[in-house]
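A short worksheet on the structure shown next.
Number of protein chains: 2
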Amino acid sequence: MMLKSALLLVRCAKKHVWDQVRFSSQALSQLSSEKYNVTRKDFATLQSTDVNFFKSVLSDDRVLTDENDVLPFNIDWLKNCRGQSKMVLKPKTTREVSQILSYCNKRRLAICPQGGNTGVVGASVPVFDEIILNMGLMNKIISLDDISGALVCETGCILEVLDKHVQEHGLIMPLDLGAKGSCHIGGNINTNAGGQRLIRYGNLHGSLLGIEAVKADGTVIDCLRSLKKDNTGYHLKHLFVGSEGTLGIVTKLAIHCPVLPKAVTVGFFGLENFDNVLKLFKSAKSSLGEILSAYEMMDNESIRGTLRNMKLTSPIPEYPFYVLMETHGSDADHDTEKVNRFLSKEMDTGLILNGTVATEPGKIQAIWKIRESIPAACMMDGYVFCYDVSLPLANYYQLVPMLRERLGSNASVIGFGHIGDGNIHINVTISDFDKEVLGVLEPFIFEEVSKLQGSVSAEHGIGFRKPQYIHYSKDRSALGLMRDLKTLMDPNGILNPYKVLPDDV
Amino acid sequence: MMLKSALLLVRCAKKHVWDQVRFSSQALSQLSSEKYNVTRKDFATLQSTDVNFFKSVLSDDRVLTDENDVLPFNIDWLKNCRGQSKMVLKPKTTREVSQILSYCNKRRLAICPQGGNTGVVGASVPVFDEIILNMGLMNKIISLDDISGALVCETGCILEVLDKHVQEHGLIMPLDLGAKGSCHIGGNINTNAGGQRLIRYGNLHGSLLGIEAVKADGTVIDCLRSLKKDNTGYHLKHLFVGSEGTLGIVTKLAIHCPVLPKAVTVGFFGLENFDNVLKLFKSAKSSLGEILSAYEMMDNESIRGTLRNMKLTSPIPEYPFYVLMETHGSDADHDTEKVNRFLSKEMDTGLILNGTVATEPGKIQAIWKIRESIPAACMMDGYVFCYDVSLPLANYYQLVPMLRERLGSNASVIGFGHIGDGNIHINVTISDFDKEVLGVLEPFIFEEVSKLQGSVSAEHGIGFRKPQYIHYSKDRSALGLMRDLKTLMDPNGILNPYKVLPDDV
Numbered sequence: 000m001m002l003k004s005a006l007l008l009v010r011c012a013k014k015h016v017w018d019q020v021r022f023s024s025q026a027l028s029q030l031s032s033e034k035y036n037v038t039r040k041d042f043a044t045l046q047s048t049d050v051n052f053f054k055s056v057l058s059d060d061r062v063l064t065d066e067n068d069v070l071p072f073n074i075d076w077l078k079n080c081r082g083q084s085k086m087v088l089k090p091k092t093t094r095e096v097s098q099i100l101s102y103c104n105k106r107r108l109a110i111c112p113q114g115g116n117t118g119v120v121g122a123s124v125p126v127f128d129e130i131i132l133n134m135g136l137m138n139k140i141i142s143l144d145d146i147s148g149a150l151v152c153e154t155g156c157i158l159e160v161l162d163k164h165v166q167e168h169g170l171i172m173p174l175d176l177g178a179k180g181s182c183h184i185g186g187n188i189n190t191n192a193g194g195q196r197l198i199r200y201g202n203l204h205g206s207l208l209g210i211e212a213v214k215a216d217g218t219v220i221d222c223l224r225s226l227k228k229d230n231t232g233y234h235l236k237h238l239f240v241g242s243e244g245t246l247g248i249v250t251k252l253a254i255h256c257p258v259l260p261k262a263v264t265v266g267f268f269g270l271e272n273f274d275n276v277l278k279l280f281k282s283a284k285s286s287l288g289e290i291l292s293a294y295e296m297m298d299n300e301s302i303r304g305t306l307r308n309m310k311l312t313s314p315i316p317e318y319p320f321y322v323l324m325e326t327h328g329s330d331a332d333h334d335t336e337k338v339n340r341f342l343s344k345e346m347d348t349g350l351i352l353n354g355t356v357a358t359e360p361g362k363i364q365a366i367w368k369i370r371e372s373i374p375a376a377c378m379m380d381g382y383v384f385c386y387d388v389s390l391p392l393a394n395y396y397q398l399v400p401m402l403r404e405r406l407g408s409n410a411s412v413i414g415f416g417h418i419g420d421g422n423i424h425i426n427v428t429i430s431d432f433d434k435e436v437l438g439v440l441e442p443f444i445f446e447e448v449s450k451l452q453g454s455v456s457a458e459h460g461i462g463f464r465k466p467q468y469i470h471y472s473k474d475r476s477a478l479g480l481m482r483d484l485k486t487l488m489d490p491n492g493i494l495n496p497y498k499v500l501p502d503d504v
Numbered sequence: 000m001m002l003k004s005a006l007l008l009v010r011c012a013k014k015h016v017w018d019q020v021r022f023s024s025q026a027l028s029q030l031s032s033e034k035y036n037v038t039r040k041d042f043a044t045l046q047s048t049d050v051n052f053f054k055s056v057l058s059d060d061r062v063l064t065d066e067n068d069v070l071p072f073n074i075d076w077l078k079n080c081r082g083q084s085k086m087v088l089k090p091k092t093t094r095e096v097s098q099i100l101s102y103c104n105k106r107r108l109a110i111c112p113q114g115g116n117t118g119v120v121g122a123s124v125p126v127f128d129e130i131i132l133n134m135g136l137m138n139k140i141i142s143l144d145d146i147s148g149a150l151v152c153e154t155g156c157i158l159e160v161l162d163k164h165v166q167e168h169g170l171i172m173p174l175d176l177g178a179k180g181s182c183h184i185g186g187n188i189n190t191n192a193g194g195q196r197l198i199r200y201g202n203l204h205g206s207l208l209g210i211e212a213v214k215a216d217g218t219v220i221d222c223l224r225s226l227k228k229d230n231t232g233y234h235l236k237h238l239f240v241g242s243e244g245t246l247g248i249v250t251k252l253a254i255h256c257p258v259l260p261k262a263v264t265v266g267f268f269g270l271e272n273f274d275n276v277l278k279l280f281k282s283a284k285s286s287l288g289e290i291l292s293a294y295e296m297m298d299n300e301s302i303r304g305t306l307r308n309m310k311l312t313s314p315i316p317e318y319p320f321y322v323l324m325e326t327h328g329s330d331a332d333h334d335t336e337k338v339n340r341f342l343s344k345e346m347d348t349g350l351i352l353n354g355t356v357a358t359e360p361g362k363i364q365a366i367w368k369i370r371e372s373i374p375a376a377c378m379m380d381g382y383v384f385c386y387d388v389s390l391p392l393a394n395y396y397q398l399v400p401m402l403r404e405r406l407g408s409n410a411s412v413i414g415f416g417h418i419g420d421g422n423i424h425i426n427v428t429i430s431d432f433d434k435e436v437l438g439v440l441e442p443f444i445f446e447e448v449s450k451l452q453g454s455v456s457a458e459h460g461i462g463f464r465k466p467q468y469i470h471y472s473k474d475r476s477a478l479g480l481m482r483d484l485k486t487l488m489d490p491n492g493i494l495n496p497y498k499v500l501p502d503d504v
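Protein sequence lines, in the order shown, are assigned to chains A and B.
At position 466 of the first sequence the residue is numbered 465 (numbering that gives the first Met the number 0), and the sequence of numbers has no breaks.
At position 55 of the second sequence the residue is numbered 54 (numbering that gives the first Met the number 0), and the sequence of numbers has no breaks.
Following this line, the structure appears as structure tokens:
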């Protein structure tokens, strides 16, 4: 019971840090269309007859048209993007979604689907006057099979709400994110959200059991099975994973929930260099195998700035590199024994220079807080360019020293992330926004990632902000097939326009 | 070391049983087109100029046209299906595959892609004169990253060969099948192969990191990344998982390999009834969580016939139901302690009436042999109708007593399978093939599966044998989308015609 509470406490701590970031800037941002010089596509504009139609489908209170009511839905939480939508629709049923899409498709009215609006690439807010289809009221938990672990729910369920629900039945959600207090499970599916524990519980393509989605023309695609094995024809549900609302609107889903761990252990270690971070990862995988649930790395600069700005204390002295390692297991004694044996061995080999291990909720929370506070701490030093890339492990940290050399002493460059799945976050902080620095960074960073066969967007997606960089990770043939799929699924292009697909494919 | 050998021995034992099945019938089967009354579609027929073109692309020895050489490639291993192809092509490179497809697409020559030809629904042999594209020579292992676990290889690599290779680097393949000695990894991807250890290592959608595939028109789609997180645009690789060669030809792939377990434990238990099988599964998931790697159930009739026909001895007396449970872990002492505690508890509660636990290779092998021999044992009693369905766990065993009542004493009905992923195999044995019995079984069994929201093909796919039943698991809208995808990817329909898609969608 105490360990279950530990898990909850850790998660609450993350949410707290997230909120600090979320509300760190209050200024109303420039319109996306002006800021990024985008031209409106040839969609119809909203007429009063359209509004009347939507009011006939939904109750009046679920059709927002007052400018003040609509404004918050037009802005992303980073306040980087601002759209000009005139209307928010809040469907409660698949049938309503189908009626809305069918109508919009015929009228060529563009739509911006919106979940918890916690994304960081501007996918969930409109660019021009796209109708906002907010899925927040489709938030029913439909069923939970506590033997198979299959949860069936609507798209607008909040991840943390689902997690609490399944924990009461001895299960956990297969993914965990800083934004879990706000993000929707449907948004997670649409962005193929990753998070910290992917090395233990796998990705959403593996966890998703079934889906119900509505095509642009209103057709409901019913693949809402909750079976783990179903090889009857094409595996259509994967079309909707990571396509950011451009191929259809997810309305319901079935997902596999693993068993709630009875024991949680967190270690925080100091290391000599990045090579040792990799060597220690290999050793941890081998020694801890089935209980390893997170393996996060942070460079000295990440931790030093975070401790200073957030007024936190590290449990260990300063080292060139740090590792936060977590285990989830079914037996506390066994897990402690495994972790201690691993620790003792790797302190002998010298891979771990110093370290602490926690099994108590408070201590676990304090360690996770250091790791989770890094992004917020950066924002206190000035303007931050954030990069979220995947790289082969051998090249994982390579870009950080490269950028430091390129930028010199005017910028602070830090690297931290999920070694376990090759995902590094690189934050470049300067005192104020500077177009020249941007020019030094981009497209250089994407070119380097591309040379190393990495991904220019590991977990944040493409959205509105990155279509011009997608070609660094997808070749012409793949982009061509993406375009063909988009044309097939949404021939009038009404679903989330200006997003994901570059104009020139 | 001893435990690693145990794992290999278990696998060899499985292959042995598989071979018994594979070569159990030597008679040349009727032509599929006649047996199943299929009409040839309007494809071009092979001309000598075509053969000359293919010889210009491949070396002469990789273009088989002699009738005797081609015959074995025309027949599936169950000898249920026989095609009439006049030519087998054996490409060695992606470029050759691309040239072949581009040519065939222009000439409207149909193609049947073929891996290890171990499928059971006739997907990998032609129906008429489709050109057989055998992928067996594309069998190079390209790279293995033993830190990230990413294996990159060509499509024609044999699963067991890959498994041996990665075991030398402390890893295992994420799937294990009886056919592993013959089946190709590309075939596994094309059929979304499941196997016994899906509950531990997840499905192929989760394990597959990247793919290179050739579209019907010869375009090479390069998504061959080996990153665990890559959210740049649509997740195209999933189009090729489980589409049985009808949307493109997989040429290379990257797959994630988990760490080789240091300890393997197998338990074999006798239980009172099926409810207890489910209760014990829930308890095993909770107690053993991270180390549970297989949970197989078998009814009394499955085991009784197998022991008799295969002259095997059970380690425990006769019970109404049996469970084979396996653990993969990183610490033998811990695993044994967990298993013993679980055993002791569930023998006290009475869920387990009797049981044995093995950690020695020989004993592990003997237990797995009983489970793996069931299909071969059935075939020794007469004609077998095999069904492979997924059902919600609450209804998992329901069809077996239902069919027994429906068929009476003339038929033997047995149920066994992978509880962990809801996949039950139901074998109905009668002395000789009888159309009347077939009429009693089908479509009844598929109707019942459909009512229970199950899948009419859990892991065997649709292939040539089941398109007429696909509507029991996929509704009209899903079938319509499948048809649209097929038309998009292969407008001339040259890739594996007569398979997967029913004619009437």
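We put the CB at the ideal spot given by N, CA and C, even for glycine.
Buried or exposed: where does residue i fall if 16 or more other Cβ atoms within 10 Å of its Cβ makes it buried?
i      : result
P496/B : buried
F267/A : buried
T326/B : buried
R81/B  : buried
Q29/B  : exposed
E458/A : buried
N275/B : buried
C400/B : With the sequence shown as reference, residue 400/B is identified as Pro, and Cys is not the correct amino acid for it. Answer is exposed; the Cβ neighbour count stays below 16.
P71/A  : exposed
Q505/A : Residue 505/A lies beyond the range of chain A shown here (0 to 504); nothing can be said about it.
E167/A : exposed
K344/A : exposed
For residue i, tell me which candidate among the options has the shortest Cα-Cα distance.
i      : options                           : result
N79/A  : V219/A, G462/A and L238/A         : G462/A
P316/A : G361/A, L270/A, S343/A and K368/A : L270/A
F53/A  : M401/A, L27/A, C385/A and R94/A   : R94/A
N51/A  : L207/A, L88/A, W76/A and G419/A   : L88/A
S206/B : L197/A, A212/A, V213/A and E211/A : L197/A
L480/A : L238/A, D162/A, F127/A and T117/A : L238/A
L246/B : V219/B, E446/B, P257/B and G118/B : V219/B
V356/A : S84/A, P391/A, N339/A and E345/A  : N339/A
Y471/A : L161/B, N67/B, C222/B and N409/B  : C222/B
N104/A : S285/A, I130/A, S286/A and K465/A : I130/A
Which same chain residues, not among the five before or five after residue i, have their C-beta less than 6 Å away from its C-beta?
i      : result
M297/B : Y321 and F415
M309/A : S372 and A376
Kindly list the residues whose CB is nearer than 7 Å to the CB of residue i, restricted to its own chain and excluding five residues on each side of it in sequence; keep chain order.
i      : result
N272/A : P319 and F320
D334/B : A262, T264, I290, T326 and G328
V213/B : T93, V96, S97, L100, V219, G247, I248 and T250
T44/B  : D128
R370/A : E295, M297 and L323
Going by beta carbon distance, what residues of the same chain come within less than 8 Å of residue i, once the five residues before and after it are set aside?
i      : result
A182/B : The amino acid occupying residue 182/B in the given sequence is Cys; Ala does not appear at that position. Result list for C182/B: G114, G115, T117, I157, L158, L176 and A192, in chain order.
L174/A : L158, N187, A192, G193, G194, R196, L197, Y200, L203 and S206
N422/B : G193, D387, V388, S389, G416, A457 and E458
S23/B  : In this predicted model, S23/B has a pLDDT of only 38, less than 50, meaning its place in the structure is not dependable enough to derive any value.
Exercise. At a Cβ cut of 7 Å, what residues of the segment 97 to 125 of chain A count as close to chain B, listed as they run along the chain?
Worked result: Answer set for the segment 97 to 125 of chain A: empty.
Exercise. In chain order, which alpha helix (DSSP H) runs of at least 4 residues are fully inside the segment 216 to 289 of chain A?
Worked result: 273 to 287
For this session: May I have a chain-ordered list of the alpha helix (DSSP H) segments no shorter than 4 residues that lie completely inside the segment 307 to 385 of chain A?
Result: 331 to 347, 360 to 371 and 373 to 378
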